[in-house]
Amino acid sequence: MKKIAFLLVVLFTFSTIFAQKKDKIKGSKIITHTIKEVENFVNIEVEDNVEIYLVKADTPSIEIEADDNLHDVVNFVVTGNTLRVTTLKTVSSAKKFDLRVNYASDLKLITVKNDAKLHALNALQLDSITIQNFDNSASYLNVNSNSFKLILNDKSEAELNIKAKNTVLELSKSAELKALVASPEIKIDMYEKAEATIEGDAANAKIRLDNNALLTAKKFTVGTIDLTVENYAKCEVNAANEIALSASGKTQVELYGEPKIEIRKFTNTTTLYKKEK
């Protein structure tokens, strides 16, 4: 009975893998351009190893500039206020394969998956926007917003220039971030093997690092920092006025600046180094 169950699991796994595998297609090298209007949307979901360029516009639409036989490879549909962009085949080679999503000012959420890449030709100027990256995807953006949230997960990466009143950064599962930040209020949560290099300035920062997270932020000048580090996390931080520290495990903190230091917790073999630039 156990052998039968095992065989069924193996067969199901292989059938799933083959079912997900797409046919490959090569571009014709004859470039054409099409524009297709779509219904209004407030969310975007992109996947399948495509590169998307965001452009703010009055009318939502999809622009495709690509080899003429690749236009029909792009599948897009709006369901429940969400624009979903996928591909029907895997493009193995192309002279050009550019996709532009023209969005309106009520855009709220962008989710990028499965090796897809997200760009913006101009800064994302929105009241509130959340970017989510999963499964080896990437985002390269300038953001100008009242409220900005970034979620990086599962080997995804991002390079960002952020100007926001409130910023939230959440990284996990070997995600990588490089960011230039100008934000009065910022919250940073990093877990597992996430890595981030942050420069810029903020008035207040609440930072939590766990597992093997690594934060390099000696060029990120913050007025007041509330810092929690646990397990094997490491960080460099720069506090101008005050820092409240809770540290445990085998963590390592390198502190820049001349702040008032409050030790709330300092246990196990954690270390605190005072550094100068």
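Per the numbering used here, the sequence shown runs over residues 51 to 327.
For every residue, glycine included, the Cβ atom is placed at its ideal position computed from N, Cα and C.
Everything numeric in this text was worked out from a predicted model, so none of it was measured.
Span separating the alpha-carbon of residue i from that of residue j
i           : j           : result
residue 113 : residue 71  : 26 Å
residue 50  : residue 212 : Past the edges of the chain, shown from 51 to 327, lies residue 50, and the structure says nothing about it.
residue 324 : residue 305 : 5 Å
residue 301 : residue 201 : 24 Å
residue 193 : residue 179 : 9 Å
residue 291 : residue 159 : 35 Å
residue 134 : residue 142 : 22 Å
residue 218 : residue 79  : 43 Å
residue 322 : residue 273 : 19 Å
residue 235 : residue 191 : 20 Å
residue 150 : residue 115 : 8 Å
residue 125 : residue 140 : 12 Å
residue 318 : residue 312 : 18 Å
residue 275 : residue 221 : 19 Å
residue 206 : residue 242 : 13 Å
residue 146 : residue 176 : 30 Å
residue 279 : residue 244 : 13 Å
residue 320 : residue 326 : 20 Å
Spatially closest choice to residue i from the options, by CA coordinates
i           : options               : result
residue 157 : 92, 127, 320 and 257  : 92
residue 131 : 88, 204 and 210       : 88
residue 284 : 303, 269, 277 and 293 : 303
residue 103 : 173, 125 and 139      : 173
residue 127 : 164, 117 and 138      : 138
residue 111 : 152, 121, 301 and 305 : 152
residue 271 : 107, 185, 249 and 258 : 249
residue 148 : 171, 242 and 181      : 171
residue 74  : 115, 144, 90 and 229  : 144
residue 225 : 264, 198 and 199      : 264
residue 129 : 105, 94, 146 and 244  : 94
residue 229 : 177, 266 and 119      : 266
residue 108 : 244, 119, 320 and 155 : 155
Proximity below 8 Å, CB of residue i to CB of residue j
i           : j           : result
residue 307 : residue 281 : no
residue 187 : residue 162 : yes
residue 168 : residue 231 : no
residue 286 : residue 268 : yes
residue 203 : residue 183 : yes
residue 240 : residue 259 : yes
residue 316 : residue 294 : no
residue 215 : residue 233 : yes
residue 77  : residue 122 : no
residue 166 : residue 100 : yes
residue 256 : residue 237 : yes
residue 227 : residue 246 : yes
residue 98  : residue 136 : yes
Cβ neighbour criterion (16 or more within 10 Å) applied to residue i
i           : result
residue 288 : buried
residue 56  : Per-residue confidence for residue 56 stands at a pLDDT of 47, beneath the threshold of 50, marking its modelled position as unreliable; the derived number appears in the next sentence. Per the 10 Å Cβ criterion, exposed.
residue 253 : exposed
residue 85  : exposed
residue 105 : exposed
* Sequence ranges, beta strand (DSSP E) only - wholly within the region 198-269, length at least 3 -> 207-221, 226-232, 235-240 and 245-259
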